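Here the structure is laid out as structure tokens; the discussion comes afterwards.
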Amino acid sequence: MAGQLPIDSRPWPVRRDQALQDKTMQQTIQFVTRRVANAKVAAYTAYPEGERLRQRAVGVKRRSVENMEEHLAVFAQQVEAHGGQVHRAKTAADAIRTVLEVAKNHGVQRVIKTKSMVTEELELNRAFESVGIAVRETDLGEYIIQLAHEKPSHILAPAAHKNRAQIEALFDQDAAAYHTEPPASDDILALTQYARRRLREEFLAADMGVTGGNFLVAETGTLVLITNEGNADMVTTLPPILVSVVGVEKIVADWPGLTEVIQQPALSGVGQRLSSYTTMVSGTRGTDQWEGPDEWHVVLLDNGRTLLKDTPFEDVLSCIRCGACLNVCPVFRQVGGHAYGSVYPGPIGIVETPLLTNFEVLPELPSVLCTLCHACGEACPMDIDLPGHIVQLRKIKRDRHMDAAGVTRSYRWWARFWATPHGYRRSIRWARWGQRWFVRHGRIQSAPGLAGGWFNTRDMPPVASPTFHEWWERTRGKGHRS
Amino acid sequence: MKDEGREQTLQLFATCLIDLFRPQAAIAAVEVMERRGSTVEFPAAQTCCGQFSYNAGYHREAADLARHWIAVFEAALNNDSHGRIVALSGSCAAMIIKEYPLLLYRDALDRGDSAVEAKRWQERAERVGEQVIEFTEWLAQEKAANLPASLGIGVVYHNGCHMRRMLGITTGPETVLQDYGFSVVPIEDADQCCGFGGTYSMTEWRVSTAVADQKLQALGKAREMGAQCLTSADFGCLGHLGGRLSRRRDPFPVVYIAELIALTDRGQLTVEELQQMAHQKEKS
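For the record, the sequence lines run as chains A and B.
First residue of the first sequence: -4, per this note's numbering; consecutive thereafter.
First residue of the second sequence: 131, per this note's numbering; consecutive thereafter.
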């Protein structure tokens, strides 16, 4: 069954033009992506065994996905043996229903959350708010964009598009609303201290915690969360009820497997050998234990993922959400995350969004947001064939007649002419004849049809006289010898 | 390994962009190859490798062009397994070497051919692909003959994305330029795309131009550091950046790498000569 993803329903040209006009966002995104992309390269350079470990991690992820169902069954058994409950959700709607039911059963009023792309996929915050439950994001980046009423623009750094001044303004507003002291200045320490103080109140007041999950270990039924802020420790230990919503593809069989993959998101995401905090949950609080939730629900979300199993796109399920592909993408660096209109932006987003939803939403993504430079394929630590998939998705679109008829016709005639030398020559004669109306000062400055867009911002020389073919024929060809 | 003293016959794949928009680049390449004792042949039935269509998802159309390309160059090679096809574009070379085999395999199946027939196409593509070499890669194997005294003209070399990431050619072309006495000026974010992307530059011209402008901004800094021209082994990138410079009325010289080498060979390398070459007017 196809998955459901929330989208920005404004058409692509509107999303694009807004992004291209937002110079602050562009500058901020370019600064951040360049910094982390360079940090990743530096980290690998300083880590001779890094490449070998990365390859082993790829193997673990591939094998885990291959035997996903088997491992998930073991995982469920283990969680339930340790006091938790496991729910399978086929779609986003199923998952939301399950989570809201748990909240309702316990009369939950206030929820705190760790950063989680899967709950973005569900728009879980909106679902909570619609039934009157207050939600607080506790990851610093997520907290910032929650205050701004925005969505993440980057899968690892949700507020990557916001600069310090913008963040200070948001915190000032928040301080006024909560009648508390605003941050002392816009320096990073002051801003962080403000968030820390405010979030502490929220941690202590919450009656339910919601997490995503970076990994699930089948053999012990363990949820693994990695953070750089330690907020997952608080979310998983303070509130009495804990709900973890995790994509089915996050499963690994065992602890040796986990140790192979656990460093990869931070290493490729920000160039850090391991994230600062690793939080693990293996069950509810036992009678002899001080901490942990009284009740733990794990919602295993499919939402289109198993559609990819046993297809040429299966490697997409190895994605560890490190964001390395976003950081190196020349298009992402220009338009930022929001222009994609999907929860998942960047190269992985333009591949995953149509695949998870069977092209039901944002089908334009693979065509409009990629120059096929292959930087993503080079950057992906999980060896996901992103450029290859993007080309294949474009082909699927064409095969399903999703391109404009005129475009399809242009490509068809182009190939028909150029597949023979005679047709090629004929097309050149026509071009020479046709270009007379478009040459200004020795350059072509406009053109009709498919090529038209080029000339909005660029010139092109006219078709040469002679072309190389003609030059060769005149100087070296049969014409010359005779 | 190059067979010292053995006269090699090279089949030239000029690419459609150079054929139509910068024939001087191919003429220069011929000059460079012949000066080094090679016999150059130009299979005149060649057209285009089909990458434009392939990247846009038009694989049936791309496969038509690919089959034509293979037929033309197989005929030219005439079963000589040592024969070389010199491609004047890293991107087109990558298309042939890396994409043709699977493209033709899948397309054959899509057309209802048997798996055996599909496999046969794949193998044909692989075989001819093994004989394709990108121009600067070929040049790097030749020793820089009669080196002129280093003139130290500053050039920025833009390495095309497919050249870098699909063919794995990274520093080779810059080394060649240095061997020929050029001073290679580094450019910020050298591994970033120029924004061309084939028909992407037409359909998504706003984004494509934004990416190009980023590259030109980096080029601006390199110019301050002494760069006097922009070159590449891919005319796709050069045509894109050059077209953008032209629209901005910026006369900064943009030339294909073989043109620089040919000029050096002739001992005519000066900045004035470079500028003239870059803006060569159409001959009547």
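Positions of the beta carbon are idealized from the N, C-alpha and C atoms, including for glycine.
Bear in mind the structure is a predicted one, so any value in this text is a computation, not a measurement.
**Minimum length 3: unbroken beta strand (DSSP E) runs contained in the stretch 101 to 159 of chain A** = 105 to 108 and 129 to 132
**Message:** Please confirm whether Y419/A has its beta-carbon closer than 8 angstroms to some beta-carbon of chain B.
**Reply:** yes
**Request:** Report, in whole angstroms, the separation of the C-beta atoms of A34/A and G372/A, which I expect to be a contact under 8 angstroms.
**Result:** With 8 angstroms as the limit, A34/A and G372/A do not qualify as a contact, their Cβ atoms being about 20 angstroms apart.
**Prompt:** R438/A to T254/A, Cα distance in whole Å?
**Reply:** 60 angstroms
**Proximal chain B residues relative to Y451/A, where beta-carbon distance stays under 7 angstroms** = Before going on, a small fix: residue 451/A reads as Asn here, not Tyr. Result: W335.
**Message:** Buried or exposed, going by whether 16 or more other CB atoms sit within 10 Å of the CB of P381/B?
**Reply:** exposed
**Message:** How far does the alpha helix (DSSP H) with C320/A in it extend, from its first residue to its last?
**Reply:** A319 to V323
**Asked** Whose CA, out of F151/B, I263/B, D321/B and F143/B, lies closest to the CA of H370/B?
**Response** Comparing Cα-Cα distances from H370/B to each of F151/B, I263/B, D321/B and F143/B, the minimum goes to F151/B.
**Message:** For K85/A and M112/A, I'd like the C-alpha separation in whole angstroms.
**Reply:** Rounded to the nearest whole angstrom, the C-alpha separation of K85/A and M112/A is 17 angstroms.
**Prompt:** When you compare each of M355/B, G356/B, D321/B and A357/B to V341/B by their alpha carbons, which one comes out closest?
**Reply:** D321/B
**Cα-Cα separation between P325/A and G325/B, rounded to whole angstroms** = 8 angstroms
**Asked** Mind listing which residues of the stretch 357 to 377 of chain A have their C-beta closer than 9 angstroms to chain B's C-betas, in chain order?
**Response** P361, S362, V363, L364, C365, T366, L367, C368, H369, A370, G372 and E373
**Message:** Check whether the stretch 332 to 351 of chain A and the stretch 269 to 289 of chain A touch, using three or more Cβ-Cβ pairs below 8 angstroms as the test.
**Reply:** no
**Asked** Within 7 angstroms: the Cβ of L312/A and any heavy atom of the ligand COA?
**Response** Absence of the ligand COA is noted for the structure shown, with no ligands found whatsoever.
**Asked** In terms of DSSP beta bridges, what is S337/A paired with?
**Response** Per DSSP, I2/A.
**Prompt:** Would a C-beta distance cut-off of 8 angstroms place N223/A and S271/A closer than the cut-off?
**Reply:** Cβ atoms of N223/A and S271/A: closer than 8 angstroms.
**Request:** Compare the beta carbon distance of L218/A and V60/A with 8 angstroms and say whether it is the shorter of the two.
**Result:** no
**Request:** Return the chain-ordered list of same chain residues with a C-beta closer than 8 angstroms to the C-beta of E402/B, the five sequence neighbours on each side being excluded.
**Result:** Cβ within range, chain order: n/a, list empty.
**Prompt:** Near W268/B, which residues of its chain fall below 6 angstroms by C-beta distance, leaving aside the five closest residues on each side in sequence?
**Reply:** V216
**Request:** Count the other C-beta atoms from every protein chain shown that fall within 10 angstroms of the C-beta of M296/B, then say buried if there are 16 or more, exposed otherwise.
**Result:** buried
**Item:** Under the three-state DSSP convention, the category D305/A falls into
**Value:** coil
**Request:** Count the other CB atoms, across all protein chains shown, that sit within 10 Å of the CB of I183/A; report buried if there are 16 or more and exposed otherwise.
**Result:** exposed
**Residues in the stretch 320 to 331 of chain B having any Cβ partner in chain A nearer than 8 angstroms** = D321, Q322, C323, G325, F326, G327, G328, T329, Y330 and S331
**Item:** Minimum length 4: unbroken alpha helix (DSSP H) runs contained in the stretch 217 to 283 of chain B
**Value:** 220 to 224, 230 to 240, 245 to 260 and 265 to 271
**Asked** What is the C-beta distance between I236/A and E163/A, in whole angstroms, given that I count them as a contact (C-beta under 8 angstroms)?
**Response** I236/A to E163/A, Cβ: 34 angstroms. No contact.
**Prompt:** Apart from the five residues on each side of it in sequence, which residues of its chain come closer than 6 angstroms, Cβ to Cβ, to L119/A?
**Reply:** none
**Prompt:** Applying a beta-carbon distance threshold of less than 9 angstroms, which residues of chain B neighbour V9/A?
**Reply:** Neighbourhood of V9/A in chain B, by CB distance below 9 angstroms: empty, with the nearest CB roughly 12 angstroms away.
**Item:** Between the CA atoms of N209/A and F70/A - distance to the nearest angstrom
**Value:** 15 angstroms
**Asked** When DSSP labels each residue in this structure, what does L67/A get in the three-state scheme?
**Response** helix
**Message:** Looking at the strands, I want to know which residues DSSP matches up with H82/A.
**Reply:** V294/A
**Asked** Apart from the five residues on each side of it in sequence, which residues of its chain come closer than 7 angstroms, Cβ to Cβ, to S416/B?
**Response** No answer is possible for residue 416/B: it lies beyond the span of chain B, which begins at 131 and ends at 414.
**Asked** Is E318/B near A348/B, with beta carbons less than 8 angstroms apart?
**Response** yes
**Asked** So, helix, strand or coil for S313/B, using DSSP?
**Response** strand
**Prompt:** What do you get for M163/B, buried or exposed, if any count of 16 or more other CB atoms within 10 angstroms of its CB means buried?
**Reply:** Counting the other Cβ atoms within 10 Å of the Cβ of M163/B gives 16 or more, which makes it buried.
**Request:** Identify, in the order they occur along the chain, each residue of the same chain with its Cβ nearer than 6 angstroms to the Cβ of D133/B, setting aside the five sequence neighbours on each side.
**Result:** The predicted model places D133/B with a pLDDT of 48, which falls under 50 and marks its position as unreliable; any figure quoted below should be read in that light. For D133/B, where only same-chain residues beyond five positions count, there are no Cβ hits under 6 angstroms.
**Request:** For my contact list, G204/A and S277/A are in at a C-beta cut-off of 8 angstroms; report their separation, rounded to the angstrom.
**Result:** Not a contact, Cβ separation roughly 16 angstroms.
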